[in-house]
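Visitor: Got a structure for you, written out below as C-alpha cells; questions coming shortly.
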C-alpha cells in the first residue's frame, strides 16, 4: 500500500507560462521514457525478483518515480496556467488543448497516448535489471533534450533535479545488478534466470 | 517566500537526505555510516514536521487529527504555486 505526502519531492514554482514548452515536457509524464512508465516498470518487475536488496530498490525507486510524475505534472500545469485562447493558438498548443483543454493527460511529446508497450517485464533478473539501467539513461537523455529547449530558470531547476535522479537510480540499479550477478552459481555461465530456473536435483 | 514555504523547504531538505540514504541502504544494507546519517536526519525531520503540522496542518494522512482534519483538503495543494498567491 501507499500513503500520500502533501508536498512535492522538490519545489516547482514557475512564474511565467509557456505552453510550447509544456507540450515537450509532458513527454516525461506519459512518453516512452517518462516517469509513469518508469514507475509501472519497476513496481511490476519486483514480484519476480528473488533478492532482498532488489525487491527494496524496485519498490523504493518505483515509488520515487510516482513523486516525479507529480513534479512533471506540476511543471506542465504551471506552464499552462491562466492562458488565453490567443496564447494557446500562437504557441502551438491548440492540438493538445482541443483534446484535453489544460488537463494533464499522459502523452508523449509527439501526441501519442501512454501505452504499456513502453515498458518490459521479462521475469528474468538480469534482463529486467539491464532494461532498468537503459531506462534510466534514456530518461536522462530526454531531460538533457528538454534542457536544450528550456531557458527559464524556474523550469530548468526542477528539470535538473529530475535529471540528477536518473543518474542516482542508474547507480543504484548498477549495484543491484552486481549483487544479483554475485549470487549466481559459479557454474551458471549463461546467466540462466535465477527467478525461474532451478538447479536439477541429483 | 512565506514562513510556511521556508519551513516546508527545510522539511523537504531533511526528507530528501533521508530518502537518498534509504535508497543507498537498499544496496548497502550493512553501511553503519549511512545508517547513522539517516538517524540524524530523521530526528531533525520529525522535529520540523511536528512544528509544521501544529502550525499549518497535516503533511501526511497519518498526521491528521480531529482538530486539523479540515486542513487536509485545504488549498494550496503541492502543484498549485502561482506568482500571485505563492504556495
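Residue numbers (the numbering used here), protein chains in the order written: chain A, 15 to 216; chain B, 3 to 89. Even glycine gets a Cβ: it sits at the ideal position worked out from N, Cα and C. Here the structure is a predicted model, which is why all the values come from computation and not from measurement.
1) Buried or exposed, going by whether 16 or more other CB atoms sit within 10 Å of the CB of residue 48/A?
2) For residue 127/A, list the residues DSSP reports as bridge partners.
3) Report the neighbours of residue 10/B on chain A: residues whose CB is nearer than 9 Å to its CB, in chain order.
4) According to DSSP, residue 19/A sits in a beta bridge with which residue or residues?
5) Does any CB atom of chain B fall closer than 8 Å to the CB of residue 84/A?
6) Applying the 10 Å Cβ sphere with the 16-neighbour rule, what's the burial state of residue 53/A?
7) In this structure, how does DSSP classify residue 137/A when only helix, strand and coil are distinguished?
8) Is the beta carbon of residue 90/A sitting closer than 8 Å to the one on residue 160/A?
9) Can you find a CB in chain A that lies within less than 8 Å of the CB of residue 72/B?
10) Could you name the residues of chain A that residue 40/B contacts, counting a contact when the two beta carbons are closer than 7 Å?
11) Thinking C-beta only, is residue 16/B closer than 8 Å to residue 46/B?
12) Are the Cβ atoms of residue 168/A and residue 28/A separated by less than 8 Å?
13) Below 8 Å between beta carbons: does that hold for residue 97/A and residue 116/A?
14) Nearest to residue 144/A by CA position, among 106/A, 183/A, 17/A and 156/A, is which residue?
15) Over what stretch of residues does the alpha helix (DSSP H) that includes residue 5/B continue unbroken?
Guide: From the atom records:
1) buried
2) 121/A
3) 21 and 25
4) 62/B
5) yes
6) buried
7) coil
8) no
9) no
10) Within chain A, no residue comes near residue 40/B; the closest Cβ sits about 13 Å away, beyond 7 Å.
11) yes
12) yes
13) yes
14) 183/A
15) 5-29
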